[in-house]
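Written out below as structure tokens is the structure these notes cover.
There are 2 protein chains.
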Amino acid sequence: MSTERVTIRHVAHSAGVSVATVSRVFAQSSSVSEELTARVLDAARRLGYTPHAVAQSLASGRTRVVGVLVPNLANPYFYALIKNMLHEADRDGYRLIVADSDESLAAEPALGMSLLGRSDGLIMLSPRCGSEVLKELGGQGKPIMVVNRQIDELGLSSVLLDNFTPMRQLAMHTVELGHRHLVYLQGPVRSWQEKERWRAMRSLRVPGVTVTPIRAGGTMENGRDSADRVLATGCTAVLAHNDLTAIGLIAGLNEHGVSVPGDISVTGFDDIPFARFTSPALTTVHSPQEDIGRATWRMTAGLLHGDRPGARTMLTTQPVIRASTAPPK
Amino acid sequence: MSTERVTIRHVAHSAGVSVATVSRVFAQSSSVSEELTARVLDAARRLGYTPHAVAQSLASGRTRVVGVLVPNLANPYFYALIKNMLHEADRDGYRLIVADSDESLAAEPALGMSLLGRSDGLIMLSPRCGSEVLKELGGQGKPIMVVNRQIDELGLSSVLLDNFTPMRQLAMHTVELGHRHLVYLQGPVRSWQEKERWRAMRSLRVPGVTVTPIRAGGTMENGRDSADRVLATGCTAVLAHNDLTAIGLIAGLNEHGVSVPGDISVTGFDDIPFARFTSPALTTVHSPQEDIGRATWRMTAGLLHGDRPGARTMLTTQPVIRASTAPPK
DNA sequence: GTGAAAGCGCTAACAG
DNA sequence: CTGTTAGCGCTTTCAC
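As given, the protein sequences belong to chains S and D, one line each in that order.
What the first sequence shows, in my numbering, is residues 1 to 329, in sequence order.
What the second sequence shows, in my numbering, is residues 1001 to 1329, in sequence order.
The following block contains the structure:
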């Protein structure tokens, strides 16, 4: 079955040149005369030669692979980001290898290490792990990029979205609609984004307006399961940690015969593709996946080329008002 | 920064054994006396040694990586599958490297080849490419698994879900509700699943019942954009290629003031997580991602261990009746 | 511009 | 059970 592999040697021999020349032609590393280039390419085509990626990696010390560790691939937020980076990286000749930690804080170190072992660098999306883990990963001497998590101590590069400002604006939007009793549905505890969003809610000091936090989590199920507790508060508007939770909550409220936004207004965060297809369409904060993905890859590529780590890119965004928010009755 | 790498040599020297022994201890390939094992492990820990994955791959000829080519990572259908396989593979010590062809038929060969170059095998999810491409990929001598696509000629292993039967049942469900004029919203042209689903619709020979096909595509946008054409047919029930299209269509119909299922019944296919959270909850066909993912990985693992290719696993499933279908007015 | 040769770090016969 | 050794296929000085 497995026909003898065609190596650089065969090509060199067939083209009447040295292996070094063949290597140079394929790596375009140093110039080779037109004639030899043609001969090499011709021989390679005839023989059906393809460079052996693993051997190239061992010899050169670069794998042209970058690892991506994501807390939960089931969140559209992340795959939109990944899809973006996949293409950005592809353009630079890099492949992404992804692992999913399933929101498990404990799984991050091992997965990260394993990923780093077969790659030139690691991109950590919304990591929940402690900074000592990040430090250890960084100790491997390979670039580490952190997305959606602010790290001050270690000199890691990061891409962040300002969650605070738009979350505050979103809350103000509900207040301006006339809501006085708000509920904030909290997301994953260890998430930096959660901390920022909650900080924004807490910062909302408007006379007569109260904000009640309710612990939920970041999934649709979590949202649905919070319906009871939300209703018990008697609030008129709910700001959910993210779109998934908001969508789940809306479904849960509907099941209780409560209409959105008729009886209660609900907002999300992220603006996942579904957000504009739900009924009512979801009022949320747009997360610029394209920009985040591009910025992340560009910085990663920079690190791979020797840029000094420690840079931080902070992106901004704003609320998108759609149909799930309305004045209270 | 990059402290000198600790190699198997250092460990061997420090433990006072040969490199072969160290290799054996880490590979657990052949038995090593307790004493030496302890000494090696101790030295390794002291020195902070980690096996170099790339070197292992080159020397052993196995990468412990498997490639996954997916047409569109933005479809929850696929990432649920991938997430499943990710974990199944992880358990066997394999890492998955994924590429997204963006529904581009033309991109599949190159991406597939590139993936195969750094892996021990390739899993192709719903490939759209011609069988000659599949054959070429198979010619690399590495295992190829095909999911959601029936290939008869080449002896490739595959995992399939019977789309025909449940699609037919779903259609019968609408007929039994009293619908007489059905519309079928067609998905991606080259998709095997699309062919099967459409075949099921065509096979529906019930006197007095007509089925009108409308070309759409597989995304939510495609669904929404079909609303006009759907309304123009005067039908009372629409069976969409998949959940995404169905969700898009429902949004589109709502925008036209048409209610679902009040005015028109709509069904999907796949039962993505969102399907039960839309309002109305979507009547669809459940796709057993867990089973598909597990079966796919098990077969892949088998091939990796030398199983003969060509096996075909056909899974079955059925419709899930929820709230988006109702008798016509 | 081109070739020779020394590895990259590890595995897998093969001997003992 | 353990050590020796010859590569895996390619890159990369270093001479020419």
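Glycine included, each C-beta is placed from N, C-alpha and C at the ideal position.
Going by DSSP, what residue range makes up the beta strand (DSSP E) through residue i?
i	result
residue 1186 of chain D	1181-1186
residue 1099 of chain D	1095-1100
residue 266 of chain S	265-267
residue 57 of chain S	No beta strand (DSSP E) holds residue 57 of chain S; the alpha helix (DSSP H) holding it covers 53-60.
residue 321 of chain S	Unbroken run through residue 321 of chain S: none, as it is neither H nor E.
residue 312 of chain S	312-315
residue 1161 of chain D	1157-1161
residue 239 of chain S	237-240
residue 1144 of chain D	1144-1147
Using alpha carbons as the reference points, say which of the options lies closest to residue i.
i	options	result
residue 74 of chain S	S/244, S/210, S/172, S/166	S/244
residue 1286 of chain D	D/1150, D/1017, D/1329, D/1318	D/1318
residue 1251 of chain D	D/1229, D/1273, D/1224, D/1267	D/1224
residue 332 of chain S	S/13, S/316, S/173, S/77	There is no way to answer for residue 332 of chain S, as the model of chain S reaches only from 1 to 329.
residue 15 of chain S	S/323, S/37, S/288, S/4	S/37
residue 1311 of chain D	D/1321, D/1300, D/1320	D/1300
residue 1126 of chain D	D/1192, D/1061, D/1155	D/1192
residue 78 of chain S	S/327, S/288, S/230	S/288
residue 1275 of chain D	D/1237, D/1023, D/1324	D/1324
residue 1139 of chain D	D/1164, D/1328, D/1109, D/1181	D/1109
residue 1200 of chain D	D/1241, D/1304, D/1236	D/1241
residue 137 of chain S	S/116, S/235, S/163	S/116
residue 89 of chain S	D/1150, D/1165, D/1099	D/1099
residue 304 of chain S	S/256, S/142, S/48, S/40	S/142
residue 259 of chain S	S/280, S/322, S/144	S/280
residue 1238 of chain D	D/1328, D/1105, D/1196	D/1328
Within 8 angstroms (strictly less), CB to CB, does residue i reach chain S?
i	result
residue 1292 of chain D	no
residue 1086 of chain D	yes
residue 1273 of chain D	yes
residue 1284 of chain D	no
In the DSSP assignment, the alpha helix (DSSP H) including residue i goes from what residue to what residue?
i	result
residue 46 of chain S	34-47
residue 6 of chain S	Residue 6 of chain S -> no alpha helix (DSSP H), and no H or E assigned at all.
residue 247 of chain S	243-255
residue 20 of chain S	19-27
residue 1069 of chain D	Note, residue 1069 of chain D: premise wrong, no alpha helix (DSSP H); beta strand (DSSP E) at 1065-1070.
residue 1332 of chain D	Residue numbering for chain D in the displayed model covers 1001 to 1329; residue 1332 of chain D lies beyond these limits and cannot be assessed.
So with CB distances below 7 angstroms, who are the chain S contacts of residue i?
i	result
residue 1279 of chain D	251, 254, 279
residue 1057 of chain D	54
residue 1080 of chain D	74
residue 1050 of chain D	117
Note down, in chain order, every chain S residue with its Cβ under 9 angstroms from the Cβ of residue i.
i	result
residue 1220 of chain D	273, 274, 276, 277
residue 1248 of chain D	277
Quick check on residue i - is its C-beta less than 8 angstroms from some C-beta in chain D?
i	result
residue 95 of chain S	yes
residue 322 of chain S	no
residue 1 of chain S	Its pLDDT being 44, under 50, residue 1 of chain S is placed unreliably in this model, and the value from its coordinates should be taken loosely. Judged by the 8 angstroms Cβ criterion, residue 1 of chain S is in contact with chain D.
residue 201 of chain S	no
Find the residues of chain S that neighbour residue i, judging by a C-beta separation of less than 8 angstroms, and give them in chain order.
i	result
residue 1053 of chain D	117, 118
residue 1114 of chain D	95
In chain D, which residues lie with their C-beta within 9 angstroms of the C-beta of residue i?
i	result
residue 83 of chain S	1072, 1073, 1074, 1100, 1102
Strictly below 7 angstroms CB to CB, what residues from chain D border residue i?
i	result
residue 63 of chain S	1054
- Within the stretch 1167-1231 of chain D, ranges of the beta strand (DSSP E) (whole runs, at least 3 residues): 1181-1186, 1210-1215
- Please specify which runs of the alpha helix (DSSP H), each continuous and at least 4 residues long, are wholly inside the stretch 1259-1308 of chain D, giving them in chain order. 1289-1304
- Message: Threshold first: 4 residues or longer. Then list the alpha helix (DSSP H) segments lying entirely within the stretch 108-139 of chain S, N to C.
- Response: 108-117, 131-138
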